[in-house]
Amino acid sequence: MHRFWRWLADHWVLAVGLLVLAYLFLPILVVFLLSLNRPTSRLSYDLSAQWTLDYWLHPFATAGIGDALRVSVGIALVATVLATVLGTLMAFAMARHRFRGRATANVLVFLPMATPEVVLGSSLLALFVTLRVPLGFWTVVVAHVLFCLSFVVVTVKARLAGLDPRLQEAAMDLYADEWQTFRRVTLPLVLPGVAAAAMLSLSLSFDDFIITNFNSGTTVTFPMFVWGAAQRGIPREVNVIGTAVFLLAFVLVLVVQLRGRRKARVV
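According to UniProt numbering, the residues represented by the sequence shown are 1 to 267, in order.
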């Protein structure tokens, strides 16, 4: 017992970190267990003694869940591509160039992040209604691009701020033109930040509910399907899809980290 308290005193930061991680991953563990468990009733969320793989073998058995997932994935992909491209260009302009109104632009970039989603969603709804734009897939895409853009700009700007400008100057000294310098030096160095911004935008767009609920019209996304199903009892297939999405994101992050470590070892 004395050894344990001595180890804890020497590694209390690690112990606190492990407790925080356990606290964060506990809900995910519960969702995974629910995906393997047959409920005693439709409105029951407790773990019974009946364990099964049926929900994993038939994840789209519930009517409408597959269509809602396809809509959410489509919106998230389109919004992520648009937000990543526009946000990266904005980040380069704001980090590398000086222009009139630059300080104001930096402040305005943070406004969508600081604005409550209820305010942002209702404001966009008022705008679409005023312009007589029919609500649906593309209005949700526009709304998602709007709030994802800020996260992309902030993430890519942070990556650009950490770059050593002497690397690009060295490439120019070695007779590389501007395009070659960007393609062979700047872009590979900025790419991890762009990838992180894209993954963040994808996750934010996929699980957004409040802004989507204001501007979706008759379009049903996966979070809206879950909210509607909660009134009748959330099907176990929702837990399967949630666990699968988490595992996919975890594998992507793990692959990126392993590739980064391999490159660091080679260098």
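Note that CB positions come from ideal geometry on N, CA and C, so glycine has one too.
In chain order, what residues of the same chain lie with their CB nearer than 7 Å to the CB of Leu19, ignoring the 5 residues before and after it?
Indexing the sequence shown from 1 puts residue 19 at position 19. No residues qualify anywhere along the chain.
Give every residue of the same chain whose Cβ lies closer than 6 Å to the Cβ of Thr88, excluding the five residues on either side of it in the sequence, and list them in chain order.
Along the sequence shown, one-based indexing puts residue 88 at 88. Same-chain partners within the cutoff: Val156 and Val194.
Under a CB-based cut-off of 9 Å, is Arg159 close to chain C?
This model lacks chain C altogether, as it is built from one protein chain only.
Could you check if Tyr55 is buried or exposed, using at least 16 other CB atoms within 10 Å of its CB as the buried criterion?
The sequence position of residue 55 within the sequence shown is 55, counting from 1. Buried, by the Cβ-count rule.
Would you mind sorting residue 309 into buried or exposed? The rule is 16 or more other CB atoms within 10 Å of its CB.
Lying before the first or after the last residue shown, residue 309 is absent from the chain, which here runs from 1 to 267.
Going along the chain, which unbroken runs of the alpha helix (DSSP H) with 4 or more residues stay wholly within the region 17-82?
54-57
Helix or strand or just coil, what does DSSP make of Ile210?
Reading the sequence shown from its first residue, position 210 is the one you call residue 210. If DSSP states are grouped into helix, strand and coil, Ile210 belongs with the helices.
Quick check for students: name the residue ranges of the alpha helix (DSSP H) that lie wholly in the region 132-184, counting only runs of 4 or more.
137-161, 165-173 and 178-181
Take every Cβ of the region 146-165, pair it with every Cβ of the region 231-244, and state whether three or more of those distances are shorter than 8 Å.
no
Ser216 lies in the alpha helix (DSSP H); which residues open and close that run?
Position 216 of the sequence shown holds residue 216. No alpha helix (DSSP H) holds Ser216; DSSP gives it neither H nor E.
Quick one: any contact between the region 128-139 and the region 194-205, if contact means 3 or more CB pairs under 8 Å?
no
Can you confirm whether the region 105-125 touches the region 50-70 when touching is taken to mean that 3 or more C-beta pairs between the two stretches lie within less than 8 Å?
no
Could you tell me the alpha carbon to alpha carbon distance between Val107 and Met113, rounded to whole angstroms?
Taking the first residue of the sequence shown as position 1, residue 107 is located at position 107. Taking the first residue of the sequence shown as position 1, residue 113 is located at position 113. So the two alpha carbons sit approximately 11 Å from each other.
Taking Cβ positions, are Gly74 and Leu135 nearer each other than 9 Å?
Taking the sequence shown and counting its residues from 1, the one referred to as residue 74 is at position 74. Taking the sequence shown and counting its residues from 1, the one referred to as residue 135 is at position 135. Using a Cβ distance threshold of 9 Å, Gly74 and Leu135 do not count as a contacting pair.
Hey, would you say Ala68 sits closer than 9 Å to Thr221, going by beta carbons?
The residue labelled residue 68 in the question sits at position 68 within the sequence shown. The residue labelled residue 221 in the question sits at position 221 within the sequence shown. Between Ala68 and Thr221, the gap from beta carbon to beta carbon is short of 9 Å.
Where does Gln231 sit, in a helix, a strand or coil, going by DSSP?
Counting from 1 along the sequence shown, the entry for residue 231 is found at position 231. Note: Gln231 maps to coil in three-state DSSP.
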